[in-house]
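Single-structure report; data block below.
2 protein chains.
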Amino acid sequence: MSKLNTNYQKLQAGYLFPEIGRRVKAYANSNPDKQIIRLGIGDTVRELAPSVISAIHKEAETLANQKTYTGYGDSEGTLELRQSIQDYYKQLGVEIELSELFVSDGAKSDCANIQNLFEKPVVALQDPAYPVYVDSNVIAGNTYEAVESGQYNGLIYLKSSLDSDFLPELPTQKVDLIYLCFPNNPTGAVATREYLQTWVNYALENQAVIIYDAAYSWFIKDQDIPKSIYEIPGSKECAIEIQSFSKFAGFTGVRLGWTVVPFDLKTSDSKEKQLNQMWTRRQNTFFNGASNLAQAAGVAALSEQGRKENQMVIDFYMENAKLFKDCIQGLGLKVLGGHNAPYVWLETPIIEGKKLTSWEFFDYLLNQIQVVSTPGSGFGPGGEGWIRLSSFGLRENVLEGISRLNSLKESIS
Amino acid sequence: MSKLNTNYQKLQAGYLFPEIGRRVKAYANSNPDKQIIRLGIGDTVRELAPSVISAIHKEAETLANQKTYTGYGDSEGTLELRQSIQDYYKQLGVEIELSELFVSDGAKSDCANIQNLFEKPVVALQDPAYPVYVDSNVIAGNTYEAVESGQYNGLIYLKSSLDSDFLPELPTQKVDLIYLCFPNNPTGAVATREYLQTWVNYALENQAVIIYDAAYSWFIKDQDIPKSIYEIPGSKECAIEIQSFSKFAGFTGVRLGWTVVPFDLKTSDSKEKQLNQMWTRRQNTFFNGASNLAQAAGVAALSEQGRKENQMVIDFYMENAKLFKDCIQGLGLKVLGGHNAPYVWLETPIIEGKKLTSWEFFDYLLNQIQVVSTPGSGFGPGGEGWIRLSSFGLRENVLEGISRLNSLKESIS
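Residue numbers (this note's numbering), protein chains in the order written: chain F, 1 to 413; chain G, 1 to 413.
Structure below.
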C-alpha cells in the first residue's frame, strides 16, 4: 500500500518562478493588447559567444562520425572540461585536484541534491535566499512544518537587512549545514575576504559545512572581493563550492555547472576523503554526466577567447544594472546590488500612505506599467518589502522598463 | 556538528560499471601490448543520425542569434518535444496528456530519483536488475543493511531464473513500489501483454506503484509484445513509465529521456492528480530542464525521418546480437535475450570441473582473450552464474570478439 512522501505537503505555495509565470500569463490572457516587459527572472537574453557556437558545431560533427563518436562519459565530466575548470581556479590562486571537481547539468541540481550527503543536518541559510536551498531541504525531511510567516520550523534563518547591507551575522546556535551565496541572489550583496573568513572560522569551530553558491562570481569587479570560497584559508576543510555556466556564458538553456567537494572536507564523523568519495558514488548512481554538447561548449566558454567574448556580455549586463540603479535612485527608493552583482534589490514604495508588500508591488508594477519583477518575499520572509530586478535584459527592454518606472515618479515618491 | 548520511555506508562495493572500468584499466596497464575488446557496457558506438546532427547545428544557430536565443525552458521540457513524445504514444494507441510528460536528462536520473515521491516504500525489484534501482533506494534509506549475499534487508528481490525465462513471479507479500524493466537489462527477457497484466492487477489490488523502465522497448520486433506499460488496461492508475533516447538514438552522451506520471496515478492516500503535481514540484525544484541542444536533437530523433535513420542502427545492433547468439550456441552455453532486446545473457561455463562465478568468468575472458563482459552478479545475486554481452558494438569488434570466444571452445565445453 504505497503512500506519499509527506514532506511535500509541508511545502508552501508553488516554487517561486512558476508562480510568477502563472500570474503573468493570467494578466496577459486578460490584457492581450498590453506589451509586458520582463525584468524579473534572471534569465540570460544575449546570444552565445562565437567560440561557444563553434565548439557546439564541432562537437556535433564529432558525434556525426563513427570514428570520433563518443557515448557515455564519466559522470564527473570530461577530462578536458575539468582541466579547464582547474585552470580557472589556478588563475584565482587556488589549487584544486581533478578528482575534487564534479561537472553537473547546472548549479540548481547540485544546490538541491548536495544535502543528501548529510544526516538530518540543522540547516542555516540566508534570509532572503534562492528558494532551492529551502525547498530541497523540506523535501528531504530536514525541516518541520511551516509556521504562519512561511518559515519552516527547524531551519535557521540568518536574517539580513538594510542595516547590515544584507550580510547576515553568524548564528547564535550550532548549525551543521550553511548555505551562503555571494554575490547574493536576490540582494546583490557581496562578501569581503574578512567577512567570509568569519564564516570559515565558525564552520571549522563547529564542524559545520558551508555550501557556497558562487554562480554570480563572474560579475565581481572589485579586485579585493573573493570569487571563490577557496581563496579563504581553512575553507577546503569546511566548504563545498557550486558554480554555474548559466549566467557568465548564457548557458541557462544549455545546462552546465560544477561542484567542488575537496578531499579535505570534513564532518564530525568522516574519514579521509570520505565526503569526496560519497559524492562520487552519489553522482555515479543518480547522474550520467552533463550533455557532451554542453561540456564541449563549456570548454570553449572557459578558453581565453571564450572568457573575452563572455566578458563583453557581462559588461553589457552590468551597464543595464547601472541604468536601473540610476533610475531607482531617481525615484527616491532605496536600492542595493547592481555593482558586483547582476541583481538590483529595491525597497517597495509607500503608495497612498501604505507601504506595499513585495507581492503587492509585483502586482502593482504588472498592472500599472506591465513590468514583471521578482517579489523579494518569494526568497523568504527576510525579503518582504523588497523586489528584485534583473539586469539580464536586452537594452531596449531595460530602457523601456526604466521609462515606465519613471512614469510612476508621482505615485510612488 | 555535521554528520554523514549513514545510508551510504550500507552500499556494497562500487557502482558496477566504474568497478569494471577499474579492473579493465588495471589489466591494460599491466598488459599494454594486448588489444582489449569491449563487449560489456551497453554504450552506443554508432554515429548520431543525420537528421539529429542537422537539428543540433540548427539549434546552435538559434542560440547564436540574439533574436532567436532562448534561455531557461520549462523544467518539464519544450512543448515541441513533449508533442513529439505524445505522438510516439499515439502510434502505440496510447493517449498521454502533455502535462503527464516530463522530459529528463536521461532515464538514469529519473530511475534514481522517482522513489522520492513515496514514504518509506517496501520496494520490490527483479533480481537481477539495473543497479540504480537498488542503490538509489539504499541511499534514500528505504533498506536496511546488506547481508552476506550482497542483498539488502528490507528489499524484496523477485528472483528469476532460467526456469521462468527470467520473468519473476508476483511477490507473495504486499509491496509498495515495484521496479520492472522490459525488455530487460541485463537478461534480455521480454514481457507479454498477459504477463504485464498480472502485474498491473497486482498493483491495483495492493495499491502498489510500478516503475516501468521501457528504455529498451525500441528493440522489440515481435508485434504482440507491448512497448509501453500503458498498452495494458488499468496501468495509468498504478504505473510510472521511464524512457530514454540513449539506446534507440545513440544519446548516451547527449543525455535525454522522459518520464510519464499519469494524472490517474494513485497511492493509498493520494488526491486527484496529486502524484503528477508532486513530480512537477520535485522537477521544478531539483532540475532546470534537459539541455536545449539535447531537446532539439530529441525532436529530430522522434521525427519520421529520424525514426527511419535510427531504425537502421537498431537493426545493425540486432544483427550483432544474432551473431553473438549463434556463437554462444555453438560453444554449447545456455543463452537468452538478443531477440527483442540488445542484451545477450549467457551462462558461465564449467572449466576444469568447476562452474565459474560471474566475476570469475569476467576475469577469465579479460585475461584469456582480452574480452570485457559484464558480470551478471553485478546486477544482483540472481544474476550469479551469468554474464551479459552487449550488442552495442562495431561489427569488426563483434566479429573479433566472436572469433576470440570461439577460440575458447576446447576449454569451456
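Yeah, the Cβ is synthetic: ideal placement off N, Cα and C, and Gly gets one too.
Please read all numbers here as calculations on a predicted model, not as lab measurements.
Secondary structure of residue i, DSSP reduced to three states
i	result
F:Q207	coil
F:L79	helix
G:K159	strand
G:A55	helix
F:V103	strand
F:D214	As written in the sequence, residue 214 of chain F is Ala, which differs from the Asp given in the question. Residue state, collapsed to three classes: coil.
G:G390	For the record, residue 390 of chain G in the displayed sequence is Ser; it is not Gly. Correct three-state label for G:S390: strand.
F:A124	strand
F:F182	coil
F:R46	coil
F:L92	coil
F:F166	coil
G:A112	helix
F:Y152	strand
G:L408	coil
F:I314	helix
G:I36	coil
G:L177	strand
G:L11	coil
Inter-residue spacing [alpha-carbon to alpha-carbon] between residue i and residue j
i	j	result
F:F102	F:V261	8 Å
F:K247	F:Y364	28 Å
F:V372	F:F219	23 Å
G:N142	G:A208	15 Å
F:Y195	F:E205	16 Å
F:S391	F:L170	30 Å
F:G188	F:P128	11 Å
G:N292	F:G253	5 Å
G:L177	F:L333	55 Å
F:S270	G:S377	30 Å
G:F166	G:G383	10 Å
F:A294	G:S244	18 Å
G:I156	G:V123	6 Å
F:Q17	F:P32	This sequence places Phe at residue 17 of chain F; Gln is not what is there. Going by the C-alpha atoms only, they are around 21 Å apart.
G:Y72	G:W199	39 Å
F:I393	F:N320	Checking the sequence shown, residue 393 of chain F turns out to be Gly, not Ile. About 7 Å.
F:S104	G:K108	14 Å
F:L356	F:W386	9 Å
G:M278	G:G106	20 Å
F:K227	F:R193	10 Å
G:K273	F:S2	15 Å
F:Q305	G:A60	18 Å
G:G330	G:P50	37 Å
G:N153	F:T68	45 Å
G:E231	F:T348	55 Å
Integer-rounded CB distance, given that residue j should sit under 8 Å from residue i
i	j	result
F:I240	F:T259	6 Å
G:R82	G:L98	5 Å
G:V132	G:A112	5 Å
F:L408	F:I369	7 Å
G:P186	G:T374	7 Å
Proximity below 8 Å, CB of residue i to CB of residue j
i	j	result
F:Y422	F:P342	Nothing about residue 422 of chain F can be reported from this structure: the residues present for chain F run from 1 to 413 only.
F:E47	G:A64	yes
F:L125	F:Y179	yes
G:I20	G:G42	no
F:D110	F:G257	yes
G:I36	G:V24	yes
F:S235	F:I229	yes
F:F287	F:S75	yes
F:D135	F:L4	no
G:F316	G:L389	no
G:N310	G:A249	yes
G:I412	G:I351	yes
G:R255	F:G289	yes
F:S181	F:Y144	In the sequence as presented, Ser is not what sits at residue 181 of chain F; that position holds Cys. Result no, Cβ atoms of F:C181 and F:Y144 do not sit closer than 8 Å.
F:L265	F:E237	yes
G:I225	G:N367	no
F:S54	F:A300	yes
Residue i at chain A interface by Cβ criterion, 8 Å
i	result
G:S2	Within the model displayed, chain A is absent; protein chains F and G are what it includes.
May I have a chain-ordered list of the beta strand (DSSP E) segments no shorter than 3 residues that lie completely inside the stretch 320–381 of chain F?
Every beta strand (DSSP E) stretch that sits fully inside the stretch 320–381 of chain F and reaches 3 residues is listed by chain position as 335–337, 343–347.
Enumerate, from N- to C-terminal direction, the unbroken alpha helix (DSSP H) stretches of 4 or more residues contained entirely within the stretch 233–310 of chain F.
246–249, 274–286, 292–302
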